[in-house]
Amino acid sequence: DQQVKQNSPSLSVQEGRISILNCDYTNSMFDYFLWYKKYPAEGPTFLISISSIKDKNEDGRFTVFLNKSAKHLSLHIVPSQPGDSAVYFCAASLVKAAGNKLTFGGGTRVLVKP
Amino acid sequence: DTAVSQTPKYLVTQMGNDKSIKCEQNLGHDTMYWYKQDSKKFLKIMFSYNNKELIINETVPNRFSPKSPDKAHLNLHINSLELGDSAVYFCASSRGTGLETQYFGPGTRLLVL
Numbered sequence: 010d011q012q013v014k015q016n017s018p019s020l021s022v023q024e025g026r027i028s029i030l031n032c033d034y035t036n037s038m039f040d041y042f043l044w045y046k047k048y049p050a051e052g053p054t055f056l057i058s059i060s061s062i063k064d065k066n067e068d069g070r071f072t073v074f075l076n077k078s079a080k081h082l083s084l085h086i087v088p089s090q091p092g093d094s095a096v097y098f099c100a101a102s103l104v105k106a107a108g109n110k111l112t113f114g115g116g117t118r119v120l121v122k123p
Numbered sequence: 014d015t016a017v018s019q020t021p022k023y024l025v026t027q028m029g030n031d032k033s034i035k036c037e038q039n040l041g042h043d044t045m046y047w048y049k050q051d052s053k054k055f056l057k058i059m060f061s062y063n064n065k066e067l068i069i070n071e072t073v074p075n076r077f078s079p080k081s082p083d084k085a086h087l088n089l090h091i092n093s094l095e096l097g098d099s100a101v102y103f104c105a106s107s108r109g110t111g112l113e114t115q116y117f118g119p120g121t122r123l124l125v126l
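Quick note, the sequences are listed as chains S and A, same order. The numbering of the first sequence is the working numbering, which starts it at 10 and goes up by one. The numbering of the second sequence is the working numbering, which starts it at 14 and goes up by one.
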């Protein structure tokens, strides 16, 4: 039973345009959300996060939006660059849970075409 | 300098064998993790250690045994390997157990024949 889902396995976008990645979760107790980026043969690297008390967090070209009522979050990359081509994982966490357990989605592969 | 390193990068072995994967972090972090990425590409937490103490132990067969000799190392030993153990295993570390960023190693690709 996957509690975090990324329903689009892949996304292709032209350089300079916006990339929009979506993520849905089923556990309403999740209160902290993250996006990780992964290149081939490397481990995931942290990109951006958002707490459930916010609905938007921005860091340079990356913006994460959270819609708690819909249990949905999205990552916007503007403008997309060829170096953004990677797999993006959405993850969710419970702040008060023991440890720092992340529940990941299955990833979305992004290809940015020059 | 590699922050989180894993050895080996690739591991091909026969069913029934016992193998170990090693993880080391030089970030001075207190917490380390093991994740498994299966064929469907989902990353799932297996174990987490904080200051050498086990704090997360997901539903993992007891053929998998983590060992943390010190805060900088978290090794994963797997007994009686099965075909379904084939996956990529990622080690990660974080400063603590709160909302701390987790830093991942490059992964160990295990193939059981």
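Note that the Cβ used here is the ideal one computed from N, Cα and C, for glycine as well.
- For Leu84(S), the enclosing beta strand (DSSP E) covers residues His81 to Ile86.
- Counting the other Cβ atoms within 10 Å of the Cβ of Thr15(A) gives fewer than 16, which makes it exposed.
- Under the three-pair Cβ rule at 8 Å, the region 68 to 88 of chain A does not count as touching the region 68 to 86 of chain S.
- Per the C-alpha coordinates, the member of Leu20(S), Lys14(S) and Ser28(S) positioned closest to Thr35(S) is Lys14(S).
- Residue contact check for Pro119(A) against chain S: a CB pair falls below 8 Å.
- Of the other Cβ atoms in all chains shown, fewer than 16 fall within 10 Å of the Cβ of Pro91(S); this residue is therefore exposed.
- Look at the beta carbons and you see the region 104 to 118 of chain A not touching the region 70 to 81 of chain A: under three pairs across the two are nearer than 8 Å.
- Looking at the DSSP output, His42(A) shares a beta bridge with no other residue.
- Taking 8 Å as the cut-off, the Cβ atoms of Ala100(A) and Asp31(A) do not count as close.
- In terms of beta-carbon proximity, Glu66(A) stays away from the interface with chain S, with every pair separated by 8 Å or more.
- Excluding the 5 residues flanking it on each side, Asp40(S) has same chain C-beta neighbours closer than 6 Å at Ser61 and Val104, in chain order.
- A residue is called buried when at least 16 other Cβ atoms come within 10 angstroms of its Cβ; Pro53(S) meets this threshold and is buried.
- Note on geometry: alpha-carbon atoms of Val121(S) and Ile86(S) lie some 11 Å from one another.
- For Asn63(A), the enclosing beta strand (DSSP E) covers residues Leu56 to Asn63.
- For the C-beta of Val104(S), the chain A residues within less than 7 Å are, from N- to C-terminus, Leu112.
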